[in-house]
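Protein chains in written order, with numbering that gives the first Met the number 0: chain P, 0 to 78; chain D, 0 to 378; chain B, 0 to 250. Even for Gly, the Cβ is constructed at its ideal location relative to N, Cα and C. From a predicted model like this one, the values you see are computed outputs, not experimental measurements. See below for the structure under consideration.
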Amino acid sequence: MRQEWCKGCSLCIDICPKGVFLNTEEISKRGFKVIKPIKEEKCIGCLLCELFCPDLVITVEEIKEDLSPKNSRGYAGKD
Amino acid sequence: MPERIEKSLLLPKKYFWSGNIACAEGALQAGCRFYAGYPITPSSEIMEHMANRMPQLGGVFIQMEDEIGSICACIGASWSGVKAMTATSGPGLSLMLEGIGYALMTETPCVIVNCQRQGPATGQATRPGQGDMMQARWGAHGDYRIIALSPWSSQEMYDLIILAFNLSERFRVPVIFLADEVIAHLKEAVLVRPEFVIFDRYKDKEKPPFGEALIPPMPTFGEGAALLVTGSTHNEWGVRKVQDSLAHEKLNIRLINKIEANKKEIVKIEQYFVDDCEILIIAFGITARSAYQAVKMFREENKKVGLLRLVTIWPFPEEAIREAGDKSKKVLVCEMNQGQIFYEIKRVLGDKKEVLPLFKTCGEAIYPWEVMEKVNLLL
Amino acid sequence: MSQSLTKYLREEVFPTPFCPGCGHGILMGAILRAIDELQLDFQKMVFVSGIGCGAWIPSPHFKADTLHTLHGRPIAYATGVKLARPDLKVVVISGDGDLAAIGGNHLIHAARRNIPMTVICANNSIYGMTGGQVSPTTPKGAKTETTPFGNQETAFDLCKLVKACGASFVCRYTVFHIKPLIKALIKGLNTPGFAFLDVISPCPTQFGRRNQMPKIYEMLQDLKKRALPYDKAKARTSEELKERIVIGEYE
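The structure is reproduced here in C-alpha cells:
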C-alpha cells in the first residue's frame, strides 16, 4: 500500500468480501486517517480493493513462497 | 535563435492579388500548414484560399463549427508542432478571446487575422472599420502583452503575415493581424521575392518549457517530453500551481517582460516627410494610405506635413511617437473608429503637444481630401 | 491480474486532489489499466481535458503529453492535435458539464466528423469543482446548488446523442462495473474512428451528500441496482427506463 496516498475513504473496507481492511488512528502527512490491511491473511486475491481504490494505493501481490500457517490461500495484500 | 532561409513557394514575380489572397499565400510561405476557421465577412476568402491550397502543400484545412473551435484547434495543432492560423472579423474575434488568452498563458505561437468591419455586434458586416484596436490589446481577461500588426496594402498582407509568424514563433505569443475590409478586398500588385527568412520555435526537451528562460523552449507532443500544458497558473515545468502566489506572480510578470524587454526589436513604424513637419499625421492600415496621399499633395504645395505610420500597433510604438511628435507643432490622429489609438497617443505625448482627432465610423474609408480638409484647418 | 501502474504516474503530484471516495479516482485507475493491457506507447498519446474534476484525471497525474484546456473545449483542441499529428493517439477525458453543456457543440461535430479520438466522459451528473451546480445529465428531481427544489429539466442521454451524430463506438458503463468498463475502454481505444464512453463516475461530495447518498459505497450500490444492460433496455418503454442506467454498447 502506498500509505501516503490513502485518504481513508473506506471503500476498500466496504468492498472487500473478507474484511481485510480496517480503520486506524494513524494520520498521514495530508491529514487523513489511513486504512490498513490488518487482516492480510484473509485475502483471497479477488483484486476488488486494487481496482476500486480511487487513489491507486493498493497493489495485490501473490506470495508464492513463505506461506505462513495462517495464510493457506497463498495471497496477501502488499505493504 | 533558429532561423533559416526558405525559397519561395511560388515563382518569384509580381502577382495581382486581393489582400486576403496575399495574406493566405504569405502565411503558407511562412510555413503555416494548419488552418482552422469559420466563415465571416470580410475574411472568408482567406479560408477559401486555404481550403484549396492546404491539400496541395500537405497541410491541414478544417472549417470548424464556430470561431471558438477554430482558435482551439489552432492551439492544439501548434502544440503538435505545426504552424497554425485562423482568420475572422470583429464578432469572431470576440468569441476567440478566451482562446487567445489561453495561447498567451501557455505561450502558444499562432496567428489570428482580424479583417475589421464596423461594429459593435453584427454592425456593418461588409464595411471597413478600425474599431478593434483596443480589443486586440485588452480583449482577453487578465494582464498580458500581445503583438498586433497593421498592414496597409496587399504587399504588406503578404510580407507582414510572414513577420507575424516569425514574431509568434520567436516570442511564443499569439499575434493578431489587424487588417480591414478595404485592404482585405483591394486587389494590388504583390511582389514575391525568391527567398525569405523564417523563424521556427526553439526546442529543447531538457529545459523547462514554461519558465527559467525569459523565452523558454517549446517541445512538441509525441517526442517523449511528457508535456504539461495548462491554462491554469503553472510552474516552469507546467505543473498546476493555483494556490501558489509566488508561482503566479513569477509567471505573469515573465509573460509581460517577454514582450516589454524586446520592444525595440518588435516595434516597426514607417515615416514619411516627418523630419521637418509642422503637422504630424499618425495613421495605420487603409487610413494611412489616404493620409500618405494627402501628405504627398501637401508637399507639392510645400506645406510641411508628415506621416508616421504605425505598422506595429502593440506593443505601442511610444518612443517613435514621442520622437516624431517632438519634431512637429501639432499632431492629427486619423482612425476609422471613435478614438482608440488617439487616446493612447494623447497619453504618450502628454500635454506637450496638441493632439487632434479625425474619426470616421460610417463604414467608409477616410478619404485623402477629408484628411486634407482637417489638416488645412490646423495649418 | 494485479498491475503496477507506477510507470504511468507522475508520482510527485500524488496524492491526488480528488475527494476521498471520488469516482474519478476509480475511473483513472480503469483508464490506465486499459492502456496497460493494450501496451500502448504512452509517449505517443496525448491526453486532452477541459475544466472540472474529470479533467484533472490526466493532468498532471499522467506522465505523458497532457493538454489541459479551456472549459468545454477539449474536443476542439483535440481535433487540432489529431489532424496535425495523425500518428498520435488522442484521448479526451473530461466531465459531463464540460463536454455536454458548454462543449456540446464541439462534441456533436467531432462525432459527426468521426475524428479518430477516444472521448471519456467522467459523468458525475453535477458540476463538482464549482460546488455542486446542476448539469445537463443531472436526473430530474435531483437536488443541486442551483436546483434546490429539485431539478425540473430532463437529462441528456449522451449515448443516444453521440450515436445519432455518427460516432463509431458509443457505450455507457459505471465505475461500479469496473471489469466491463476496462474492456469497453480497451475497445474504445482501439476504435479507428470517434469513440465515446459515458462513464457514470459518482461524486459523493457534491451529489451524494445532497441526495441521501453521502458515501461512495452507497452510490456504487445505487449504480448496481439501477443498471440495466442495453439489450434488455431495448425492449422497455421510456417510462420503465426512467430510474435506470442503461449500460453497454449503443447500436
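Which of helix, strand or coil DSSP assigns to residue i
i: SER244(D); result: helix
i: ASP35(B); result: helix
i: CYS5(P); result: coil
i: THR129(B); result: coil
i: TRP382(D); result: The first residue shown for chain D is 0 and the last is 378, placing residue 382(D) beyond what the model contains.
i: GLY73(P); result: Legend: pLDDT at GLY73(P) = 44, less than 50; position of this residue unreliable, value from coordinates given subsequently. Three-state DSSP puts GLY73(P) in coil, outside helix and strand.
i: MET116(B); result: strand
i: ARG235(B); result: coil
i: SER67(P); result: Residue placement at SER67(P) is flagged as unreliable, the pLDDT there being 42, under the threshold of 50; the coordinate-derived value follows with that caveat. Here SER67(P) sits in coil by DSSP.
i: TYR216(B); result: helix
i: LEU227(D); result: strand
i: TRP55(B); result: helix
i: ALA77(B); result: helix
i: THR5(B); result: helix
i: ILE61(D); result: strand
i: GLU10(B); result: helix
i: TRP236(D); result: coil
i: LYS162(B); result: helix
i: VAL18(B); result: One point to set straight first is that residue 18(B) is Cys, not Val, in the sequence displayed. Here CYS18(B) sits in coil by DSSP.
i: MET49(D); result: helix
i: ASP221(B); result: helix
Counted within 10 angstroms of its Cβ, other Cβ atoms place residue i as buried (16 or more) or exposed
i: PRO203(B); result: buried
i: PHE195(D); result: buried
i: LEU56(D); result: exposed
i: ASP59(D); result: Note on identity: in this sequence residue 59(D) is Val, with Asp being the wrong assignment. Flag for VAL59(D) reads buried.
i: GLY140(B); result: exposed
i: GLU255(B); result: No answer is possible for residue 255(B): it lies beyond the span of chain B, which begins at 0 and ends at 250.
i: PHE15(D); result: exposed
i: ILE255(D); result: exposed
i: VAL325(D); result: The residue you asked about is not Val; residue 325(D) is Asp in the sequence shown. Exposed, since its Cβ has fewer than 16 Cβ neighbours within 10 Å.
i: CYS11(P); result: buried
i: ALA75(B); result: buried
i: PRO208(D); result: buried
i: ILE365(D); result: buried
i: PRO150(D); result: buried
i: ASP78(P); result: Bear in mind that the predicted position of ASP78(P) carries a pLDDT of just 39, short of 50, making it too unreliable to give a figure here.
i: PRO38(D); result: exposed
i: ILE281(D); result: buried
i: ALA260(D); result: exposed
i: LYS69(P); result: Since pLDDT at LYS69(P) reaches only 41, below the 50 mark, its modelled position is unreliable, and the value read off the structure follows with that caveat. Flag for LYS69(P) reads exposed.
i: GLY68(D); result: buried
i: LYS6(P); result: buried
Of the listed residues the options, nearest to residue i (C-alpha basis)
i: ILE34(P); options: GLY44(P), GLY18(P), GLU40(P) and ILE43(P); result: GLY18(P)
i: CYS52(P); options: GLU36(B), CYS18(B), LEU37(B) and ILE185(B); result: CYS18(B)
i: ILE56(B); options: GLU242(B), ALA75(B) and SER200(B); result: SER200(B)
i: ILE278(D); options: PHE297(D), LEU159(D), ALA260(D) and ALA147(D); result: PHE297(D)
i: GLN42(B); options: ARG32(B), PHE61(B), ILE25(B) and ALA54(B); result: PHE61(B)
i: LYS32(P); options: ARG1(P), ILE43(P) and THR23(P); result: THR23(P)
i: CYS22(D); options: GLU106(D), GLU180(D) and LYS267(D); result: GLU180(D)
i: ARG243(B); options: PHE168(B), ALA154(B) and ARG209(B); result: ALA154(B)
i: ILE4(D); options: LEU10(D), ALA29(D), PRO11(D) and LYS12(D); result: ALA29(D)
i: HIS176(B); options: LYS214(B), GLY127(B) and ALA226(B); result: ALA226(B)
i: GLY207(B); options: ALA110(B), HIS23(B), LEU87(B) and ASN123(B); result: ASN123(B)
i: VAL161(B); options: LEU26(B), GLY102(B), VAL174(B) and LYS88(B); result: GLY102(B)
i: LEU98(B); options: VAL45(B), GLY79(B), GLY24(B) and ILE125(B); result: ILE125(B)
i: GLY221(D); options: ILE25(B), PRO16(B), ASP64(B) and SER3(B); result: ASP64(B)
i: PHE150(B); options: ARG209(B), ILE92(B) and ALA121(B); result: First, the amino acid is wrong: residue 150(B) is Asn here, not Phe. Among ARG209(B), ILE92(B) and ALA121(B), the Cα nearest to that of ASN150(B) belongs to ARG209(B).
i: THR125(D); options: MET63(D), ASN165(D) and SER43(D); result: SER43(D)
i: CYS42(P); options: SER27(P), THR58(P), ARG29(P) and LYS6(P); result: THR58(P)
Any non-hydrogen atom of the ligand PLP closer than 8 Å to residue i Cβ
i: GLY24(B); result: Because no ligand of any kind appears in the structure shown, any question about the ligand PLP cannot be addressed here.
Exercise. Listed in chain order, which residues of the region 18-29 of chain P have Cβ atoms closer than 7 Å to some Cβ of chain B?
Worked result: Within the region 18-29 of chain P, contact with chain B at the beta-carbon level (separation under 7 Å) is assigned to ARG29.
Problem set entry | Sufficient close CB pairs (3 or more, under 8 Å) joining the region 349-361 of chain D to the region 7-15 of chain B | no
For this session: Would you be able to state if there are at least three C-beta pairs under 8 Å between the region 64-79 of chain D and the region 83-94 of chain B?
Result: Yes, they touch.
For this session: Using a Cβ-Cβ cut-off of less than 9 Å, list which residues of the region 1-13 of chain P approach chain B; keep chain order.
Result: Those would be ARG1, GLU3, TRP4, CYS5, LYS6, GLY7, CYS8, SER9, LEU10, ILE12 and ASP13, in chain order.
Exercise. Are the region 102-120 of chain D and the region 66-75 of chain D in contact at 8 Å, needing three or more beta carbon pairs?
Worked result: yes
Exercise. Does the count of Cβ pairs from the region 118-128 of chain D and the region 89-97 of chain D closer than 8 Å reach three?
Worked result: yes
Exercise. What residues in the region 35-53 of chain P have a beta carbon less than 9 Å from any beta carbon of chain B?
Worked result: GLY44, LEU46, LEU47, GLU49, LEU50, PHE51, CYS52 and PRO53
Problem set entry | the region 204-219 of chain D contacting the region 25-35 of chain B, beta-carbon criterion three pairs below 8 Å | no
For this session: Check each residue of the region 62-78 of chain B: if its Cβ is closer than 9 Å to any Cβ of chain D, include it; give the result in chain order.
Result: LYS62, ALA63, ASP64, THR65, LEU66, HIS67, THR68, LEU69, HIS70, GLY71, ARG72, PRO73, ILE74, ALA75, TYR76, ALA77 and THR78
Problem set entry | Cβ contact check for the region 142-149 of chain B and the region 189-199 of chain B: 3 or more pairs under 8 Å | Between the region 142-149 of chain B and the region 189-199 of chain B there are fewer than three inter-stretch CB-CB distances shorter than 8 Å, so the stretches are not counted as touching.
For this session: Answer yes if the region 166-177 of chain D comes into contact with the region 104-114 of chain D, meaning at least three C-beta pairs across the two stretches below 8 Å, and no otherwise.
Result: yes
Exercise. Which residues, taken in chain order from the region 38-49 of chain B, show a beta carbon closer than 7 Å to some beta carbon of chain P?
Worked result: Of all residues in the region 38-49 of chain B, none is placed with a Cβ closer than 7 Å to any Cβ belonging to chain P.
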